[in-house]
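Trainee: Please see the structure below; I have some questions.
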Amino acid sequence: QRKGEPILVTKDEGVRENVSVEKLSRLRPAFKKDGTVTAGNASGINDGAAMMLVMSEDKAKELNIEPLAVLDGFGSHGVDPSIMGIAPVGAVEKALKRSKKELSDIDVFELNEAFAAQLLAVDRELKLPPEKVNVKGGAIALGHPIGASGARVLVTLLHQLNDEVETGLTSLCIGGGQAIAAVVSKYK
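With the numbering used here applied, the sequence shown closes on residue 494, and no number is skipped along the way.
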């Protein structure tokens, strides 16, 4: 804030207090009269900013920077905008192929969930192990900073890589029916 006292954020503004099943069941559908997506099962629209630095291993050594991870492969995919939420399936398949990995090789998945139904549709197609998906909370829990969500999901994933969690996969759908995915591994 340029003028006046600084604004101090003292609590997570994304947490919905006093939520109950009864209150959630009374929420109206957001997009269709008989739809299932409501404000209760959709990610909040949050503000956010992110920056990522991607470089070759040689450049990192030259600058004396210790890399967090290696980008093993990535993929993008597009579908009809009316079914945009399913596009990550194709992007994940391409990223896995480029990285020469299988779903079973992945230790943790960080998938942006614009809506709960969207993540469930992707999961139904990919058959992901639930104990490995969004273990730190997805966008419904952490927020969906439009324009920075790709960096948010990747950074959340990178901070999970350790001696036991060596590979990860992240994906998100993008407006207009597009999606991207990336496979990363711990830098050794």
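Think of the CB as a built atom: it goes at the ideal place given N, C-alpha and C, for glycine as much as any other residue.
Exposed or buried, what is T473 when buried is set at 16 or more other beta-carbons lying within 10 Å of its beta-carbon?
Mentor: In the sequence shown, the residue the question calls residue 473 occupies position 167. Answer is buried; the Cβ neighbour count reaches 16.
Trainee: Between the Cα of V321 and the Cα atoms of Y493, I452, I446, P394, which residue gives the shortest distance?
Mentor: Start at 1 with the first residue of the sequence shown, and residue 321 comes out as number 15. Minimum Cα distance to V321 is reached at I446.
Trainee: State the DSSP-derived secondary structure class of K365, mapped to helix, strand or coil.
Mentor: As a first step, residue 365 must be located in the sequence shown, where it is residue number 59. Residue state, collapsed to three classes: helix.
Trainee: Is the CB-CB distance between N418 and G396 below 8 Å?
Mentor: Here the question's residue 418 lines up with position 112 in the sequence shown. Here the question's residue 396 lines up with position 90 in the sequence shown. No, they are not a contact pair.
Trainee: Helix, strand or coil: which one does DSSP assign to V439?
Mentor: The count along the sequence shown starts at 1 and reaches residue 439 at position 133. Here V439 sits in strand by DSSP.
Trainee: With DSSP as the reference, identify every bridge partner of Q307, one or two as the case may be.
Mentor: Here the question's residue 307 lines up with position 1 in the sequence shown. Beta-bridge pairing links Q307 to no other residue.
Trainee: So what's D429 in DSSP terms, helix, strand or just coil?
Mentor: Stepping through the sequence shown from its first residue, residue 429 is reached at position 123. In the structure shown, D429 sits in a helix (DSSP, three-state: H, G or I).
Trainee: Can you list, in chain order, the residues of its chain with a C-beta nearer than 7 Å to that of E416? Leave out the 5 residues immediately preceding and following it.
Mentor: As a working note, residue 416 is residue 110 in the sequence shown. Cβ neighbours of E416 beyond the five flanking positions: N440, V459, T462, L463, G474, T476.
Trainee: How is L467 classed by DSSP in three states: helix, strand or coil?
Mentor: What you label residue 467 is simply residue 161 of the sequence shown in a count that begins at 1. It is coil, neither helix nor strand.
Trainee: Going along the chain, which residues of its own chain have a beta-carbon closer than 6 Å to the beta-carbon of I313, five neighbours each way excluded?
Mentor: Residue mapping note: residue 313 aligns to position 7 of the sequence shown, counting from 1. Same-chain partners within the cutoff: Q307.
Trainee: Check for me: the alpha helix (DSSP H) holding I486 runs from which residue to which?
Mentor: What you label residue 486 is simply residue 180 of the sequence shown in a count that begins at 1. First-last for I486: 484-492, but that is the beta strand (DSSP E), not the alpha helix (DSSP H).
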